[in-house]
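Accompanying notes for the structure given below.
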Amino acid sequence: MRCTGRRSCAGLVRHHHHTHSPPADDHTPPTRRPLFLAHPPPPPSSPASSPSESPASPSLPPTANHGSRPLRGGRRPRHHRRRRRRRLGTVGRRADGQQRGPQLGAGGAPPPPLSSGRKGRIVGGKAVTDLDPDTGSQFFAKLFTPDGKGFFCGGSLVSPTHVLTRAGCNVLPGDVVRVGGARLFDGLTFKVAKVTAHPRHNPVGDVHDIAVVALADPASEAELIAAGVAPVALNTDFGKPHGFYVTGFGATDAKATSAGSLQLKRGYQPLRPWSACMTVFDRVRLPSGKRLPINKWAQVCTNYGSTRSGALCQRDVGGPMFRADTKVDGGVKTKVYTLYAVSSFWIGTAAELCPQGLPNVGTKVAYYARWIKAAMA
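In structure tokens, the structure reads:
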């Protein structure tokens, strides 16, 4: 999967989505490279597809490498030398031209047209079908432009009448939502009636990156059951699971040169401690020169140091980070799906827009549970 914006999935030097059993991952941190935030690309301009060119590979401003100042008589003795971290160049997230906010850096080219090839969406993920277990396709929401042809973000059905996504997707009334099915254009179709973005959302740093989308003419319970569609439960527990499943239809290679997939793709992302992730975030700078704002209570960090897990990429943002757990009640086993976070952004490099092994960030559902319920009322 890959990336963010109302319709921008590739963008900042940071970037803004399973196999049945979680794959093992190595914990060796990746080699240091220039970092930047990545967000989703703008929505396609044509009704059928976006331009055929591949997005230009992101480039960063020159980086400054500040070493220790040598002594007057030559270099300092080895035990006196101190290494400073480089101040890295940054790329901002892009915006679609409808007052979506400033474009902060490279990566604003529209995504290539969707492909029906075998490659799946999430980078390093696995393509799934409706028959596969634990896909989350029954609550995965696909957000399209009003003509129903320009896919730009993911989401999660959290009630028969509401979808949860990221505020940075910039969903508008009149947009089209499809829910259910492992194919991009499958599922029940709705129009967006109302969008409630978090009032404190900061488009520059993606803090409070969450929005509730109300559906017009929602389906009845019988229609949802017949279509195999079911809302996902909202997590209210601040406990720390081992990791999450992520799903999406975004770009499928680390350089984001491939088109998105028509088939849903799933990956597993291990949860990482903030102490590890901050070693990367502390090196990222916004165009203003300020550090990337991070709220450790309201966000989760995944994927860092894992080269065998699925990575977010363009158009993957807004989608679910969820758990699929089996509960036993009276000897009866039941599968319970719980939404832990909303995919928000990811960190990329100049060489790879959507690399495996660098942090992906999600907006924590438990932190916003009260606000979500109030917005749905």
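Numbering (the UniProt record's numbering), first residue to last: 1 to 377. Virtual Cβ for every residue (Gly too), placed ideally from N, Cα, C. Values in this document were obtained by computation on a predicted structure and should not be read as measured data.
Check each candidate in the options and name the one with the smallest Cα separation from residue i.
| i | options | result |
| --- | --- | --- |
| Pro160 | Ala182, Ile225, Phe185 and Asp186 | Ile225 |
| Val280 | Pro293, Ser137, Ala324 and Lys327 | Pro293 |
| Gly228 | Ile210, Gly136 and Phe322 | Gly136 |
| Lys191 | His208, Lys327, Lys265 and Ala216 | Ala216 |
| Phe244 | Ala167, Cys277 and Phe322 | Phe322 |
| Leu353 | Arg370, Lys335 and Cys313 | Cys313 |
| Thr196 | Val212, Pro203 and Asp206 | Val212 |
| Lys373 | Val317, His162 and Phe139 | His162 |
| Phe140 | Leu188, Gly331, Ala167 and Leu172 | Leu188 |
| Val232 | Gln356, Gly239, Lys333 and Val179 | Val179 |
| Tyr284 | Trp371, Trp346, Gly148 and Ala377 | This sequence places Val at residue 284; Tyr is not what is there. Checking every option, the nearest Cα to that of Val284 belongs to Trp346. |
| Asp147 | Gly348, His198 and Val177 | Val177 |
| Val300 | Gly289, Gln269, Ala375 and Lys290 | Gln269 |
| Asp186 | Asp316, Val332, Asp282 and Phe151 | Phe151 |
| Leu157 | Asn170, Lys149, Gln138 and Asn202 | Gln138 |
| Gly289 | Lys149, Val204 and Asn170 | Val204 |
| Gly267 | Gln356, Ala375 and Lys142 | Gln356 |
| Asn170 | His201, Arg291 and Lys149 | His201 |
| Gln263 | Lys335, Glu223, Gly181 and Phe144 | Gly181 |
| Val246 | Trp371, Ala377 and Asp134 | Asp134 |
| Leu143 | Val317, Ala219, Pro199 and Thr334 | Val317 |
| Met278 | Lys265, Lys296 and Ser261 | Lys296 |
Determine the direct distance from the alpha carbon of residue j to that of residue i, and round the result to whole angstroms.
| i | j | result |
| --- | --- | --- |
| Trp274 | His242 | 14 angstroms |
| Leu234 | Ser343 | 14 angstroms |
| Pro359 | Asn303 | 5 angstroms |
| Leu184 | Gly248 | 9 angstroms |
| Val361 | Tyr367 | 14 angstroms |
| Thr363 | Leu271 | 13 angstroms |
| Gly168 | Asp206 | 7 angstroms |
| Leu286 | Ala230 | 39 angstroms |
| Ala193 | Ala214 | 6 angstroms |
| Leu172 | Glu221 | 25 angstroms |
| Arg76 | Asp282 | With a pLDDT of only 42 at Arg76, under 50, the local geometry of the prediction cannot be trusted, and the value read off the model is given with reservation. Approximately 27 angstroms between the Cα atoms of the pair. |
| His208 | Arg315 | 19 angstroms |
| Val328 | Gly239 | 20 angstroms |
| Ala375 | Thr349 | 36 angstroms |
| Ala219 | Ser261 | 27 angstroms |
| Ala351 | Arg291 | 22 angstroms |
| Thr326 | Ile210 | 28 angstroms |
| Glu223 | Ala276 | 46 angstroms |
| Lys335 | Trp371 | 27 angstroms |
| His198 | Ala298 | 13 angstroms |
| Val332 | Thr145 | 43 angstroms |
| Lys265 | Val365 | 22 angstroms |
| Gly330 | Lys149 | 46 angstroms |
Given the structure, does residue i come close to the ligand GTP, in the sense that its CB is under 8 angstroms from one of the ligand's heavy atoms?
| i | result |
| --- | --- |
| Lys194 | As for the ligand GTP, it is missing from this structure, which has no ligand bound. |
Tell me, please, whether the CB atom of residue i is closer than 9 angstroms to any CB atom in chain B?
| i | result |
| --- | --- |
| Pro293 | The structure shown has no chain B; it contains just one protein chain. |
Going by DSSP in three states, residue i sits in which element: helix, strand or coil?
| i | result |
| --- | --- |
| Gly362 | strand |
| Ser137 | coil |
| Arg166 | coil |
| Lys327 | strand |
| Lys194 | strand |
| Lys373 | helix |
| Trp346 | strand |
| Val177 | strand |
| Ala298 | coil |
| Ala341 | strand |
| Thr189 | strand |
| Cys354 | coil |
| Val280 | helix |
| Tyr367 | helix |
| Pro47 | Confidence is the limiting factor: at Pro47 the pLDDT is only 40, short of 50, which leaves the residue's position unreliable and the question unanswerable from this model. |
| Ser275 | helix |
| Ser159 | strand |
| Tyr268 | strand |
| Asn202 | strand |
| residue 380 | The structure shown does not extend to residue 380, since the chain is modelled only from 1 through 377, so no value can be given for it. |
| Thr334 | strand |
Pop quiz: residue i and residue j are said to be a contact at Cβ under 8 angstroms. What is the actual Cβ separation, rounded to whole angstroms?
| i | j | result |
| --- | --- | --- |
| Gly319 | Gly174 | With a Cβ gap of about 21 angstroms, Gly319 and Gly174 do not count as contacting. |
| Ala324 | Tyr340 | About 11 angstroms separates the two Cβ atoms, so there is no contact after all. |
| Gly369 | Thr236 | According to the sequence as given, residue 369 is Ala; it is not Gly. That pair is a contact at about 5 angstroms. |
*asked:* To test your reading of the DSSP string, which unbroken beta strand (DSSP E) runs of 3 or more residues are found completely within the segment 205-264?
replied: Inside the segment 205-264, DSSP marks whole beta strand (DSSP E) runs of 3 or more residues at positions 211-216 and 243-248, from first to last along the chain.
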